[in-house]
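Protein chains in written order, with the UniProt record's numbering: chain Z, 1 to 294; chain X, 1 to 223.
The C-beta atom is built at its ideal place from N, Cα and C for all residues, glycine as well.
Written out below as structure tokens is the structure these notes cover.
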């Protein structure tokens, strides 16, 4: 019984109590359900004032089962969700993956990430953590006995954080806009920018790996996760444009790194297949074209 | 003990540079402030921040660190003394979340509300600023975002406490007011009056004149 189903059911129950007072309430015990998870709008007021207790075997069983479970709310094509999954895999944390429905966004998503309403959201002991890079650092902090994700030296950590910010603020938005480019000139310019970024990352890899396999050294680390999650979409862009972006001539180290990263135990089961992503991208592009006036 | 060589490349009047100055002061770190001319960027700046070519840049024993929030976390990790980030992992995640939120959703929109000549863009950014400030208003539960003592989020929010009221006055906008955001306003007055923070703030009048001149030249170029 997933917590997601329990909460949807709970929100239905509470919404109905709020609206119709004829609903007869019986007793329910909520195990470890903190007000943070249950939206104030949905049940806060009715819970506090009406003090309704409902016996719902569905909900109470789910609550009992999910007392200390780790959940990740996500979507299979999202590179940001992948980051969280890799981090949890590195630490060998068992977690329940909840595929977000979108259209409409689930009550769980809106509740646990009211600011951005985006995936991934990690829920650990009923506490939601949002933003993929923050989730990765959180996982590293909490499961500290597992292999380290962030480097141990403050300076190396700062460099890893700097590049992760660069990837999110500059490089990936440029890669994304290649698909939506208006005209060949625009596309060429964006592809050049993506390529320039990759040259910078090739240089960063050489500096931070210190001759080892990954940005993190012997093992995959924060920057490997931050960058590696984009490899699927990078390949999609290569497939759709016919341009080789990760290039044996210009970025040989990155090419080798990409192979090693994708083959890594913590990565291979959560990296979506490029063909599936291409199909997904084409579907998105068709949807966008249909909704945009000529 | 090796002599620590700490330099901060910056400009007086930059909120991002101010964050770093606050962090360094909190840790009692001695450093050299190297004023930059952003219209005529120095070789040093281009060498230490070739990608963004921006301030602040912290140079510690010849090693550069860029991006204000990355620098602040680095300072917290590299030097002992008063902690800037909380110790608890969940609280740390929340602190990082709200600090990033300030940059992604609030400060950028506030800036764009002022420095634009497009009415539609102004309206859109004013709305986004208000939404962002409301989230912060709701999030503020104690004396500071960090609790009884100020921390990462408060330091990140120095942009909102000092710079937003300043630039909104330049454009005659009502972005951040006591009426709309009483808790946040009270926090800003308390925070800006803390001795360490006060010492790191730039003088208000010259900064106001600088931004007023920039605003007026923007209006003039649009005509």
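CA-to-CA distance, residue 240 (chain Z) to residue 281 (chain Z), given in whole angstroms: For this step, residue 281 (chain Z) is matched to residue 281 along the first chain. For this step, residue 240 (chain Z) is matched to residue 240 along the first chain. Approximately 9 Å between the Cα atoms of the pair.
Element boundaries [beta strand (DSSP E), containing residue 58 (chain X)]: In the second chain, the residue the question calls residue 58 (chain X) occupies position 58. Taken as a continuous stretch (DSSP letters only), the beta strand (DSSP E) holding residue 58 (chain X) covers 57-60.
For residue 125 (chain Z), the nearest candidate out of X:106, X:90 and X:103 (CA to CA): In the first chain, the residue the question calls residue 125 (chain Z) occupies position 125. Out of X:106, X:90 and X:103, X:90 has the C-alpha closest to the C-alpha of residue 125 (chain Z).
Chain Z within 8 Å of residue 89 (chain X), Cβ atoms only: What you label residue 89 (chain X) is simply residue 89 of the second chain in a count that begins at 1. Interface residue, yes.
Bridge partners - residue 99 (chain Z), DSSP secondary structure assignment: Along the first chain, read from residue 1 onward, the residue named residue 99 (chain Z) stands at position 99. Answer is Z:74, bridged to residue 99 (chain Z).
Whole-angstrom distance between residue 42 (chain X) and residue 249 (chain Z), CA atom to CA atom: Position 249 of the first chain, counting from 1, holds the residue named residue 249 (chain Z). Position 42 of the second chain, counting from 1, holds the residue named residue 42 (chain X). Looking at the two C-alpha atoms, the distance is approximately 33 Å.
Between the CA atoms of residue 221 (chain X) and residue 158 (chain X) - distance to the nearest angstrom: Within the second chain, the letter at position 158 stands for residue 158 (chain X). Within the second chain, the letter at position 221 stands for residue 221 (chain X). Cα-Cα distance, rounded: 31 Å.
Rounded C-alpha distance that separates residue 22 (chain X) from residue 291 (chain Z): Within the second chain, numbered from 1, the residue matching residue 22 (chain X) stands at position 22. Within the first chain, numbered from 1, the residue matching residue 291 (chain Z) stands at position 291. Looking at the two C-alpha atoms, the distance is approximately 48 Å.
When X:31, X:27, X:115 and X:56 are compared against residue 37 (chain X), the one with the closest alpha-carbon: Within the second chain, residue 37 (chain X) is the residue found at index 37, counting from 1. Of X:31, X:27, X:115 and X:56, the residue nearest in Cα terms is X:56.
One or two residues paired with residue 206 (chain X) in a DSSP bridge: On the second chain, residue 206 (chain X) is found 206 positions in, with the first residue counted as 1. None; residue 206 (chain X) has no bridge partner.
Inter-residue spacing [alpha-carbon to alpha-carbon] between residue 273 (chain Z) and residue 283 (chain Z): Along the first chain, read from residue 1 onward, the residue named residue 273 (chain Z) stands at position 273. Along the first chain, read from residue 1 onward, the residue named residue 283 (chain Z) stands at position 283. Approximately 16 Å between the Cα atoms of the pair.
Coarse secondary structure for residue 187 (chain Z), derived from DSSP in three states: The sequence position of residue 187 (chain Z) within the first chain is 187, counting from 1. Helix, per DSSP.
Identity of the residue in X:112, X:100, X:58 and X:184 nearest residue 169 (chain Z) by Cα: Mapped onto the first chain, residue 169 (chain Z) falls at position 169. The shortest Cα separation from residue 169 (chain Z) among X:112, X:100, X:58 and X:184 belongs to X:100.
Host beta strand (DSSP E) of residue 8 (chain X) (start-end): Within the second chain, residue 8 (chain X) is the residue found at index 8, counting from 1. Counting along the chain, the beta strand (DSSP E) containing residue 8 (chain X) begins and ends at 6-10.
Residue environment, residue 53 (chain X), which counts as buried when at least 16 other CB atoms sit within 10 Å: Position 53 of the second chain, counting from 1, holds the residue named residue 53 (chain X). Exposed is the call here.
CA-to-CA distance, residue 198 (chain X) to residue 204 (chain X), given in whole angstroms: For the purposes of this step, residue 204 (chain X) is taken as residue 204 along the second chain, with counting starting at 1. For the purposes of this step, residue 198 (chain X) is taken as residue 198 along the second chain, with counting starting at 1. Rounded to whole angstroms, residue 204 (chain X) to residue 198 (chain X) spans 11 Å at the Cα level.
Beta strand (DSSP E) segment containing residue 246 (chain Z), residue limits: Stepping through the first chain from its first residue, residue 246 (chain Z) is reached at position 246. Premise fails: residue 246 (chain Z) is in no beta strand (DSSP E) and is neither H nor E.
Any C-beta of chain Z under 8 Å from that of residue 165 (chain X): Residue mapping note: residue 165 (chain X) aligns to position 165 of the second chain, counting from 1. Closer than 8 Å: no.
As assigned by DSSP and simplified to three states, the class of residue 256 (chain Z): The residue labelled residue 256 (chain Z) in the question sits at position 256 within the first chain. The answer is helix: DSSP assigns residue 256 (chain Z) an H, G or I state.
Check whether residue 71 (chain Z) and residue 96 (chain Z) have beta carbons under 8 Å apart: Counting from one through the first chain, the residue named residue 71 (chain Z) turns up at place 71. Counting from one through the first chain, the residue named residue 96 (chain Z) turns up at place 96. Against a cut-off of 8 Å, the Cβ pair of residue 96 (chain Z) and residue 71 (chain Z) comes out as a contact.
For residue 113 (chain Z), three-class secondary structure by DSSP: In the first chain, counting from the first residue as 1, residue 113 (chain Z) sits at position 113. Here residue 113 (chain Z) sits in coil by DSSP.
Sequence ranges, beta strand (DSSP E) only - wholly within the stretch 82-137 of chain X, length at least 3: none
Buried or exposed by the 16-neighbour rule on C-beta atoms within 10 Å, applied to residue 79 (chain Z): In the first chain, the residue the question calls residue 79 (chain Z) occupies position 79. Buried, by the Cβ-count rule.
Chain-ordered chain X contacts of residue 222 (chain Z) [CB-CB under 8 Å]: Position 222 of the first chain, counted from the start, is the residue given in the question as residue 222 (chain Z). Near residue 222 (chain Z) there are no residues of chain X at all, since even the closest Cβ is about 12 Å away, more than 8 Å.
Extent of the continuous alpha helix (DSSP H) to which residue 80 (chain Z) belongs: Locating residue 80 (chain Z) in the first chain gives position 80, where the first residue counts as 1. Start and end: 79-90.
Residue 299 (chain Z) classed as buried or exposed, judged by whether at least 16 other C-beta atoms fall within 10 angstroms: Given a span of 1 to 294 for chain Z in the structure shown, any question on residue 299 (chain Z) remains unanswerable.
Span of the beta strand (DSSP E) around residue 29 (chain X): Counting from 1 along the second chain, the entry for residue 29 (chain X) is found at position 29. Per DSSP, residue 29 (chain X) belongs to no beta strand (DSSP E) and is neither H nor E.
Under 7 Å (Cβ pairs) to chain X, residues found in the UniProt domain "GST C-terminal" (153-280) of chain Z: 154, 155, 157, 158, 161, 162, 165, 166 and 200
Sequence-distant residues of its chain with Cβ nearer than 8 Å to residue 255 (chain Z) (five each side left out): To locate residue 255 (chain Z), count along the first chain from 1; it is residue 255. Excluding residues within five positions, the ones whose Cβ falls inside 8 Å are 246, 247 and 248.
Chain Z within 8 Å of residue 92 (chain X), Cβ atoms only: Position 92 of the second chain holds residue 92 (chain X). Output row for residue 92 (chain X): interface = yes.
Contact the stretch 129-140 of chain Z vs the stretch 149-161 of chain Z: 3+ CB pairs below 8 Å: yes
Whole-angstrom distance between residue 123 (chain X) and residue 172 (chain X), CA atom to CA atom: Position 172 of the second chain, counted from the start, is the residue given in the question as residue 172 (chain X). Position 123 of the second chain, counted from the start, is the residue given in the question as residue 123 (chain X). Going from the Cα of residue 172 (chain X) to the Cα of residue 123 (chain X) covers about 14 Å.
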